[in-house]
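*Asks:* Residue numbers (full-length UniProt numbering): 1 to 703.
For every residue, glycine included, the Cβ atom is placed at its ideal position computed from N, Cα and C.
Have a look at this one before I ask anything.
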């Protein structure tokens with residue numbers, strides 16, 4: 001379904017993916033954008049579903065357990081299905097991509113690190129294109145029906161006809177032609193060739209005169225389309241055909257022709273052209289026309305050995321506007337952005353909407369990078385000015401990637417791809433900036449792809465390990481808990497830092513399966529210690545933002561049931577940013593977790609943006625002071641003050657406090673004096689394997 005602006009607001013998407021967890025991850029991502037999704041793992045199941053359910057789009061994994069993507073496409077065609085489909089595959093193979101497009105695929109996407117971010121844009125664009133094609137078909141059908149009606153009319157009535165006597169210069173119009181001109185059978189005064197010329201649109205008069213002269217001089221038939229103004233002032237489009245008649249001596253005597261009103265047909269053709277080349281929401285050139293304009297710019301630049309700048313712009317956090325205010329407000333914002341961007345481009349440049357919240361600017365004549373930088377800075381400045389949407393003031397930023405012809409590519413695809421890569425680099429650098437493409441970006445992309453590929457296999461290859469860092473009661477000297485910390489031991493790359501692979505796991509959605517493994521392993525280990533007769537202690541497990549959104553309470557309950565671990569000893573750690581995202585909705589989930597017996601803590605407290613007003617409403621038991629404040633707490637007055645404020649605030653809210661990153665006795669003594677009783681850090685113990693953690697639990701820690 002589409003709203004009045006052409007935005008696709010709903011649709012059923014069939015996901016054919018033999019990797020069931022990945023298929024559900026894709027479905028979850030698309031459901032967040034408002035789509036209905038159904039997932040199947042085999043081609044046979046997909047064909048059965050297609051035969052009995054309406055489907056708007058199909059996402060097809062090329063390699064299925066029961067058939068190849070090629071075989072499935074053939075079976076789908078034999079079944080008579082015309083559902084548009086996008087091929088999703090782990091193979092970055094241009095030949096395969098061409099083969100799939102030839103077989104009818106709307107798009108071909110690779111399972112790389114940016115897939116989940118890019119997929120909603122691909123889906124939206126494909127659905128938009130499918131809707132456009134449907135409108136094109138309707139328009140073409142209307143055009144064909146109009147032509148059929150016209151043919152019937154020609155059979156039952158005369159088309160407007162005219163004769164020009166070349167000897168006397170007299171002009172004759174049939175009654176039907178006068179009717180076309182709006183005179184309803186009454187001849188206008190002073191009918192002459194010059195009078196007729198005055199009825200023609202001034203922009204067309206010259207070429208009509210030349211066409212008539214050429215027909216007489218060459219003897220060729222006349223076939224012209226031009227605009228004419230009727231007696232009521234309405235402009236119509238007419239098509240005229242004529243041929244010469246000769247006297248007995250072989251001299252041109254008459255030019256005899258017909259005239260037909262083709263306004264409706266012309267408008268239908270113009271509508272078809274507009275639908276095929278322009279974005280329905282903003283009126284800007286779409287991706288189809290963008291490719292054509294960029295190709296023209298490249299050809300022109302090549303002739304004069306010049307340069308072309310390609311700016312790929314993506315609005316930062318635009319998805320949040322849609323989630324907060326709805327798609328109608330989002331569409332209004334996109335139209336306003338387009339209007340602002342028009343001001344920034346020259347007449348010789350091209351501004352296009354590539355899809356979603358992405359825009360592309362082609363700077364057709366550039367002398368150096370300074371000019372491009374100036375244009376990009378101007379665009380960032382105008383986007384950062386406040387928007388007023390539905391009586392709300394909104395602030396927006398953009399990230400821009402720049403590629404330059406011929407330095408960064410000699411063809412349309414290369415330039416757009418490299419500008420896109422540079423745009424993601426700009427996003428990685430805190431957004432609201434622009435970055436030029438460099439060859440290093442390709443290297444980084446390849447490194448990330450290799451790392452992602454390894455990460456996808458790490459669980460099944462048993463490459464992950466949990467280490468446990470003790471949490472110590474500094475009053476009694478006893479171990480009161482452990483924090484489970486994830487490590488990845490790659491067979492070729494060695495130990496990979498969590499700072500490097502956790503963000504990648506977040507981006508790809510792999511954090512869901514990894515997070516479940518961490519939670520299950522930590523609970524199982526704690527239960528093993530308890531069953532061995534050791535004193536029960538807390539097991540703290542960190543949660544990611546993605547885990548927090550995906551039915552976390554059900555997952556935790558299932559793991560506790562599976563491992564038999566008492567939830568009273570499970571502590572779930574969340575960051576402030578996770579907690580404050582949709583804070584009012586999160587309270588219900590947190591209450592469900594505490595209702596089953598789990599305790600909750602805020603990790604790295606002091607580095608986020610939580611407010612005391614919200615904090616007191618959450619069912620939290622513990623604040624963990626971030627190590628960045630502990631590191632210099634004995635030497636930096638500001639850190640010392642912040643640490644004391646956090647401890648005092650926690651006690652006021654009747655919450656416990658744990659200080660992270662304690663490495664020196666002086667830090668311990670100061671924090672202890674401020675009222676912090678529990679601490680963890682290298683001063684007590686580094687994170688250690690389960691066997692070493694068990695020894696610490698049995699023997700205690702001396703400090």
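Just how far apart, CA to CA, sit residue 154 and residue 193?
*Replies:* At residue 154 the pLDDT is 45, less than 50, meaning the model places this residue with poor confidence; the figure from the coordinates comes in the next sentence. Spanning the two alpha carbons is a distance of roughly 26 Å.
*Asks:* Leaving out five residues before and five after residue 586 in sequence, what residues of the same chain have Cβ atoms less than 7 Å from its Cβ?
*Replies:* Cβ within range, chain order: 579.
*Asks:* Between the beta-carbon of residue 364 and the beta-carbon of residue 374, is there less than 8 Å?
*Replies:* In terms of Cβ geometry, residue 364 and residue 374 do not form a close pair [threshold 8 Å].
*Asks:* Throw me the rounded Cβ distance for the residue 240 and residue 222 pair, which I believe falls under 8 Å.
*Replies:* That belief holds up - the Cβ atoms of residue 240 and residue 222 are roughly 7 Å apart, short of 8 Å.
*Asks:* In chain order, what are the residue ranges of uninterrupted alpha helix (DSSP H) at least 4 long that sit wholly in the segment 376-464?
*Replies:* Taking only runs of at least 4 residues, the alpha helix (DSSP H) segments lying wholly in the segment 376-464 are 412-428, 439-458.
*Asks:* Would you list the residues sitting across from residue 223 in a DSSP beta bridge?
*Replies:* DSSP output for residue 223 lists 241 as bridge partner(s).
*Asks:* Out of curiosity, what's the CA-to-CA distance linking residue 270 and residue 262?
*Replies:* 12 Å
*Asks:* Below 8 Å CB to CB, which residues in the same chain sit around residue 86 once its five sequence neighbours on both sides are set aside?
*Replies:* 57, 58, 59, 60, 105, 106, 107, 108, 109, 122, 123, 126
*Asks:* Nearest to residue 20 by CA position, among 64, 463, 684, is which residue?
*Replies:* 64
*Asks:* If you draw a straight line from the C-alpha of residue 314 to the C-alpha of residue 242, how long is it?
*Replies:* 54 Å
*Asks:* By how many angstroms is the C-alpha of residue 504 removed from the C-alpha of residue 321?
*Replies:* 25 Å
*Asks:* Please name the residue in 381, 480, 636, 491 whose C-alpha comes closest to that of residue 539.
*Replies:* Relative to residue 539, the option among 381, 480, 636, 491 whose CA is nearest is 480.
*Asks:* Tell me the DSSP secondary structure of residue 151 in three-state form.
*Replies:* Residue placement at residue 151 is flagged as unreliable, the pLDDT there being 43, under the threshold of 50; a coordinate-derived value is accordingly withheld.
*Asks:* Please say whether residue 17 and residue 39 have beta carbons closer to each other than 8 Å?
*Replies:* Going by C-beta atoms, residue 39 is nearer than 8 Å to residue 17.
*Asks:* Looking at C-alpha atoms only, which residue of 474, 470, 488 is the closest neighbour of residue 461?
*Replies:* 488
*Asks:* Just tell me which of 661, 663, 662, 626 has its CA closest to the CA of residue 645.
*Replies:* 626
*Asks:* From residue 511 to residue 502, what distance separates their C-alpha atoms?
*Replies:* 7 Å
*Asks:* Tell me the residue span of the beta strand (DSSP E) that contains residue 231.
*Replies:* Run containing residue 231: none; DSSP gives neither H nor E here.
*Asks:* Tell me, to the nearest whole angstrom, how far the beta carbon of residue 605 is from that of residue 574; I am working on the premise that it is less than 8 Å.
*Replies:* Contact doesn't hold; Cβ gap of about 10 Å is too wide.
*Asks:* Can you list, in chain order, the residues of its chain whose CB lies under 8 Å from that of residue 220, leaving out five sequence neighbours each side?
*Replies:* 214
*Asks:* Out of 23, 640, 46, 357, point me to the one whose CA is closest to residue 675's CA.
*Replies:* 640
*Asks:* Do you know how far the Cα of residue 497 is from the Cα of residue 699?
*Replies:* 30 Å
*Asks:* Are the segment 522-530 and the segment 557-573 touching, with three or more C-beta to C-beta distances below 8 Å?
*Replies:* yes
*Asks:* Does the segment 299-314 come close enough to the segment 323-330 to have 3 or more Cβ pairs within less than 8 Å?
*Replies:* no
*Asks:* By how many angstroms is the C-alpha of residue 169 removed from the C-alpha of residue 184?
*Replies:* 25 Å
*Asks:* Contact between the segment 653-665 and the segment 690-698 is defined here as three or more beta-carbon pairs at a separation below 8 Å; is this criterion met?
*Replies:* no
*Asks:* At a cut-off of 7 Å, is residue 700 close to the ligand ADP when judged by its beta-carbon and the heavy atoms of the ligand?
*Replies:* Of the ligands one can find in the structure shown there are none, so the ligand ADP has no counterpart to examine.
*Asks:* Could you say which of 603, 577, 554 lies nearest to residue 571 if we only look at CA atoms?
*Replies:* 603
*Asks:* How long is the line joining the alpha carbons of residue 205 and residue 102, rounded to whole angstroms?
*Replies:* When rounded, the distance between both Cα atoms is 46 Å.
*Asks:* What separation, rounded to the nearest whole angstrom, lies between the Cα atoms of residue 464 and residue 439?
*Replies:* Cα to Cα, the separation comes out at about 33 Å.
*Asks:* So is residue 533 buried or exposed if we call it buried at 16+ other beta carbons inside 10 Å?
*Replies:* exposed
*Asks:* I believe residue 669 touches residue 683 by the beta-carbon criterion, under 8 Å. Please report the beta-carbon distance rounded to the nearest angstrom.
*Replies:* Contact doesn't hold; Cβ gap of about 11 Å is too wide.
*Asks:* Three-state secondary structure (DSSP) at residue 471?
*Replies:* strand
*Asks:* Which residue comes first and which comes last in the alpha helix (DSSP H) that contains residue 251?
*Replies:* Per DSSP, residue 251 belongs to no alpha helix (DSSP H) and is neither H nor E.
*Asks:* Considering just the uninterrupted stretch of the alpha helix (DSSP H) at residue 707, what are its terminal residues?
*Replies:* The shown model of the chain, from 1 to 703, leaves out residue 707, and the question about it has no answer.
*Asks:* Over the uninterrupted beta strand (DSSP E) stretch that includes residue 308, give me the two end residues.
*Replies:* Its beta strand (DSSP E) spans residues 307-315.
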